[in-house]
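Chains as they are written, first to last, in the numbering used here: chain A, 1 to 140; chain B, 1001 to 1140.
Quick reminder that beta carbons are idealized off the backbone N, C-alpha and C, glycines included.
Protein chains: 2
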Amino acid sequence: MDTLLKPAHIDLPASPRSGQRPDPNHADCRGVASVLSRVGDKWSVFVIMMLGDGPKRFNELKRMINGISQRMLTLTLRGLERDGLVTRTIFPTIPPRVDYELTDLGRGLSRPVEALGKWAMEHLAQIEAARTRFDKRGEH
Amino acid sequence: MDTLLKPAHIDLPASPRSGQRPDPNHADCRGVASVLSRVGDKWSVFVIMMLGDGPKRFNELKRMINGISQRMLTLTLRGLERDGLVTRTIFPTIPPRVDYELTDLGRGLSRPVEALGKWAMEHLAQIEAARTRFDKRGEH
DNA sequence: CCGCATCCGTTCTGATACTG
DNA sequence: CAGTATCAGAACGGATGCGG
């Protein structure tokens, strides 16, 4: 079990040398980063959104997201489970069935996440326009 | 200028085979993903937050974030600039001075982002507890 | 049906050194 | 001070095959 499905996450970039003196204001930045990188994870956001509707099965999620590979979905779900954002319920039937559902914590997170998603959809055009403009200028 | 400071971003995972039939509901997921991955970018969130206070200089930002390397800060700022979220103002003085500031678009984004950051800080303890618990069980 | 493990290419990151 | 170039190591991500 050496390589496992390496979650890796980010945990902490490990606080820098002791010689440094970050503003106390930003002392918690590292910790926050580890939470945000879960959210920032491309797939996590989608999974959280999909699960906002209610519990889903593995392949149901896979189908909904559709661009995701099995591996990444497994990894994402594990990460979410690890962080206490989703629960994993196994029904030892044949064939097996596994349901994923948001915890209260996860449901709380889904609100800001959906706000972000909403914003993203509304301003998508503007951003893409800006991107195109920028790229055109850059290609000197 | 071959390797440059490769931005790479994500742009689009490129939509899958045409044989697939994702719910129309998720047709725009890909586009949203490219926006979210900017937000999800560990550093982007911090930069946006820092800039929420007002314009900042390059090294000022570097100092505030403190875990970031010069390279990553440059990359992050470029990406943000590309997306039309921040402006870059150069003062051709000696020594040179460059100010970064949120655009209106960026300021709009900073609201949901800060909500997310706020949530992250408030629930950090719960998440870390869940993580520890999970890891302890995993280390069979 | 659910999910773990391995191979293996691609991408990201940090450290360092060099310009204007 | 602000930024670029380069390189080597780490992490990510997908495809495939196996097992409960």
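9 angstroms Cβ cutoff met for residue i and residue j
i: G52(A); j: R107(A); result: yes
i: V45(A); j: V113(A); result: yes
i: H1123(B); j: L109(A); result: yes
i: R1088(B); j: R1057(B); result: no
Residue i - DSSP class collapsed to helix/strand/coil
i: D1104(B); result: helix
i: I68(A); result: coil
i: T93(A); result: coil
i: D83(A); result: coil
i: D99(A); result: strand
Residue i versus residue j: straight-line alpha-carbon distance, rounded
i: D1104(B); j: R1038(B); result: 17 angstroms
i: M1064(B); j: T1093(B); result: 24 angstroms
i: G84(A); j: V1035(B); result: 26 angstroms
i: F91(A); j: R111(A); result: 29 angstroms
i: G79(A); j: W1043(B); result: 20 angstroms
i: R1137(B); j: P55(A); result: 24 angstroms
i: E1128(B); j: M49(A); result: 22 angstroms
i: Q126(A); j: D135(A); result: 14 angstroms
i: M1121(B); j: V1047(B); result: 16 angstroms
i: N59(A); j: P1095(B); result: 58 angstroms
Integer-rounded CB distance, given that residue j should sit under 8 angstroms from residue i
i: L1166(B); j: Y1100(B); result: A question about residue 1166(B) goes unanswered here, because the residues of chain B that appear run from 1001 up to 1140.
i: R131(A); j: R1082(B); result: 6 angstroms
i: V86(A); j: L77(A); result: 7 angstroms
Any non-hydrogen atom of the ligand GDP closer than 8 angstroms to residue i Cβ
i: D1053(B); result: Here there are no bound small molecules, and the ligand GDP is not part of this structure.
Looking at C-beta atoms only, is the number of pairs between the stretch 1105 to 1122 of chain B and the stretch 58 to 78 of chain A that lie closer than 8 angstroms three or more?
Contact fails: fewer than three Cβ-Cβ distances are below 8 angstroms.
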